[in-house]
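In the numbering used here, the protein residues as written are -16 to 346. Report on one structure; see the data block that follows.
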Ligand code: UDP
């Protein structure tokens, strides 16, 4: 039976065809079939011997090049005694139908992996298929099932991972996302540039590089049409966020900073949620708002001109990591409380609205 190529141990081995031999469970059959197997092996074939518990053959040194697999069946051992060889062989043929197909399936899968050994596994950069954890006694599916069980949130109230974010930050971030583990407070910088601002592709590249170099988690809304000459943005897959409910995002406890173009709505939303900003105004009143954020309310840090990746990285780290950022964040929370008081009954904004409504009633 041709089930594909053998593991590429040597140039010659790579092109061997594999034969699967199934001896009838009787010693008189096993010995000749093993001799046949040896002869075929010498002729250049790879050999797999499939057997059940009734014909279990312990591989001797002679057969180290052969692969032995066991077909699972559920016949009682007493059948050998009770049925005799012929009836047992007939019964085994029927019983082993499914088990044998499964064995073959696994075998084919193993070979297909083996053939792709040097390829990179998508989503697991830089791992190649050959780097995956393996075991002589269990297929890859069983190993991954074991790992999946270990992080099954239905049975585990918490998961401890024996690593550090400075070693595996992107994997840990993906894991947090897929397990929907709440993110650490103030650990993510949100990047949103409103509904109109346009960037040049080189500005975007500096921004991407700077954000990555800052080593901070970020969430960046890239609006289709917001980068000049980049129609490809329209067709980005769903993982790329093209529009976010900004006010709700800013209200999330994981958000520790907002890289903003300082549109007035964005500025108010950030103030209202107590999120400090990195201000990168583009045009119009955005420059006024940015200046107020930095110099008057002191809860924003302005980046001047067209920041290169170094400037982006420094600004992000200044807000997200440095003590100065922490102080700025505390001021933002204080101002948020003041703003909230102003819209409650008796607060200045609340009163102004009441006055306006009363005035309208007099007209
Ligand atoms: N906005 C949003 N999701 C986005 C981008 C923008 O909800 O992905 C909202 C944001 O919350 C704000 C408005 O769009 O209310 C943008 O107004 P702003 O004055 O900040 O900037 P503009 O778009 O006028 O430049």
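Note that the Cβ used here is the ideal one computed from N, Cα and C, for glycine as well. Because the structure is a prediction, the values reported are computed rather than measured.
What separation, rounded to the nearest whole angstrom, lies between the Cα atoms of residue 160 and residue 151?
Working through the chain shown from its first residue, we reach residue 160 at position 177. Working through the chain shown from its first residue, we reach residue 151 at position 168. So the two alpha carbons sit approximately 14 Å from each other.
Which residue's Cα is closest to the Cα of residue 91: 214, 338 and 0?
Locating residue 91 in the chain shown gives position 108, where the first residue counts as 1. Per the Cα distances, 0.
Under the rule that 16 or more other beta-carbon atoms within 10 Å means buried, what is residue 286, buried or exposed?
Locating residue 286 in the chain shown gives position 303, counting from the first residue. Buried: at least 16 other Cβ atoms inside 10 Å.
In chain order, what are the residue ranges of uninterrupted beta strand (DSSP E) at least 3 long that sit wholly in the region 182 to 248?
200 to 203 and 238 to 243
Whole angstroms are fine: how far does the CA of residue 33 sit from the CA of residue 238?
Within the chain shown, residue 238 is the residue found at index 255, counting from 1. Within the chain shown, residue 33 is the residue found at index 50, counting from 1. About 58 Å.
Environment of residue 320 [buried if 16+ CB atoms lie within 10 Å]:
Residue mapping note: residue 320 aligns to position 337 of the chain shown, counting from 1. Classification of residue 320: exposed, given that the 10 Å Cβ count is below 16.
Extent of the continuous alpha helix (DSSP H) to which residue 52 belongs
Taking the chain shown and counting its residues from 1, the one referred to as residue 52 is at position 69. Premise fails: residue 52 lies in the beta strand (DSSP E), 50 to 53, not in any alpha helix (DSSP H).
So if DSSP puts residue 262 in a beta bridge, which residue, or which two residues, is it bridged to?
In the chain shown, residue 262 corresponds to position 279, counting from 1. Beta-bridge pairing links residue 262 to 243 and 285.
Check for me: the alpha helix (DSSP H) holding residue 131 runs from which residue to which?
Working through the chain shown from its first residue, we reach residue 131 at position 148. Per DSSP, residue 131 belongs to the alpha helix (DSSP H) from 123 to 133.
Exposed unless 16 or more other CB atoms sit within 10 angstroms - verdict on residue 326:
Here residue 326 corresponds to residue number 343 of the chain shown, with the count starting at 1. That one is exposed.
Compute the distance between the beta-carbons of residue 293 and residue 261, then report whether it is under 8 Å.
Residue numbering aside, residue 293 sits at position 310 when the chain shown is read from its first letter. Residue numbering aside, residue 261 sits at position 278 when the chain shown is read from its first letter. Their beta carbons are not under 8 Å apart, which means residue 293 does not touch residue 261 by this criterion.
Who are the Cβ neighbours of residue 119 in its own chain at under 7 Å, not counting the five residues just before and after it?
Taking the first residue of the chain shown as 1, we reach residue 119 at position 136. Same-chain partners within the cutoff: there are none.
Does DSSP classify residue 142 as helix, strand or coil?
Within the chain shown, the letter at position 159 stands for residue 142. Three-state result, residue 142: coil.
For the candidate residues 296, 166, 335 and 254, whose alpha-carbon lies nearest to that of residue 318?
As a working mapping, residue 318 is identified with position 335 in the chain shown. It is 254.
Give me the Cα-Cα distance between residue 130 and residue 106, rounded to the nearest whole angstrom.
Residue mapping note: residue 130 aligns to position 147 of the chain shown, counting from 1. Residue mapping note: residue 106 aligns to position 123 of the chain shown, counting from 1. Near 17 Å, if we compare the C-alpha coordinates of residue 106 and residue 130.
Distance, residue 248 Cα to residue 288 Cα:
As a position in the chain shown, residue 288 is number 305, starting the count at 1. As a position in the chain shown, residue 248 is number 265, starting the count at 1. Answer to the nearest angstrom: the Cα atoms are 22 Å apart.
In terms of alpha-carbon separation, which member of 20, 55, 66 and 35 lies closest to residue 48?
Translated into positions along the chain shown, residue 48 becomes position 65. The candidate whose alpha carbon is nearest that of residue 48 is 20.
Between the beta-carbon of residue 284 and the beta-carbon of residue 312, is there less than 8 Å?
One-based indexing of the chain shown puts residue 284 at position 301. One-based indexing of the chain shown puts residue 312 at position 329. No, they are not a contact pair.
Starting from the Cα of residue 166, find the closest Cα among 84, 235 and 154 and give me that residue.
Within the chain shown, residue 166 is the residue found at index 183, counting from 1. Nearest C-alpha to residue 166: 235.
Could you please give me the residues that DSSP links to residue 73 through a beta bridge?
Along the chain shown, one-based indexing puts residue 73 at 90. The partner list for residue 73 (beta bridge, DSSP) is empty, contrary to what the question assumes.
When 25, 190 and 140 are compared against residue 163, the one with the closest alpha-carbon
For the purposes of this step, residue 163 is identified with residue 180 of the chain shown, where counting begins at 1. Looking at the Cα atoms, 140 is the closest of the given residues.
So which of 331, 189 and 303 has the shortest CA-CA distance to residue 291?
On the chain shown, position 308 is the one that residue 291 refers to. Residue 291 has its Cα closest to that of 189, out of 331, 189 and 303.
Does the ligand UDP have even one heavy atom less than 7 Å from the beta-carbon of residue 204?
Along the chain shown, read from residue 1 onward, the residue named residue 204 stands at position 221. Yes - the ligand UDP has a heavy atom lying nearer than 7 Å to the Cβ of residue 204.
Just checking residue 347 against the ligand UDP - is the residue's beta carbon closer than 7 Å to any of the ligand's heavy atoms?
Examination of residue 347 is not possible in this model, given that the chain is present from -16 through 346 alone.
Can you find a heavy atom of the ligand UDP that lies under 7 Å from the Cβ of residue 235?
The residue given as residue 235 occupies position 252 in the chain shown. No; taking the cut-off as 7 Å, the Cβ of residue 235 has no heavy atom of the ligand UDP nearer than that.
In angstroms, rounded to a whole number, what distance separates the CA positions of residue 30 and residue 72?
By one-based count along the chain shown, residue 30 stands at place 47. By one-based count along the chain shown, residue 72 stands at place 89. Approximately 22 Å, taken between the alpha carbons.
On the three-state DSSP scale, how would you describe residue 35?
Counting from 1 along the chain shown, the entry for residue 35 is found at position 52. Residue state, collapsed to three classes: coil.
Does residue 244 pass the burial test, meaning 16 or more other C-beta atoms within 10 Å, or should it be called exposed?
Along the chain shown, one-based indexing puts residue 244 at 261. Counting Cβ neighbours within 10 Å, residue 244 comes out buried, since at least 16 surround it.
Alpha carbon to alpha carbon, how far is residue 143 from residue 117? Give it in angstroms, no decimals.
As a first step, residue 117 must be located in the chain shown, where it is residue number 134. As a first step, residue 143 must be located in the chain shown, where it is residue number 160. Spanning the two alpha carbons is a distance of roughly 22 Å.
With burial defined as no fewer than 16 other Cβ atoms inside 10 Å of the residue's Cβ, what is the status of residue 59: buried or exposed?
Here residue 59 corresponds to residue number 76 of the chain shown, with the count starting at 1. Its Cβ having fewer than 16 others within 10 Å, residue 59 is exposed.
Buried or exposed: where does residue 173 fall if 16 or more other Cβ atoms within 10 Å of its Cβ makes it buried?
By 1-based counting over the chain shown, the position of residue 173 is 190. The C-beta of residue 173 has 16 or more other C-beta atoms within 10 Å across all chains shown, which makes the residue buried.
Which residues DSSP lists as bridging residue 29, in chain order
One-based indexing of the chain shown puts residue 29 at position 46. Beta-bridge pairing links residue 29 to 1.
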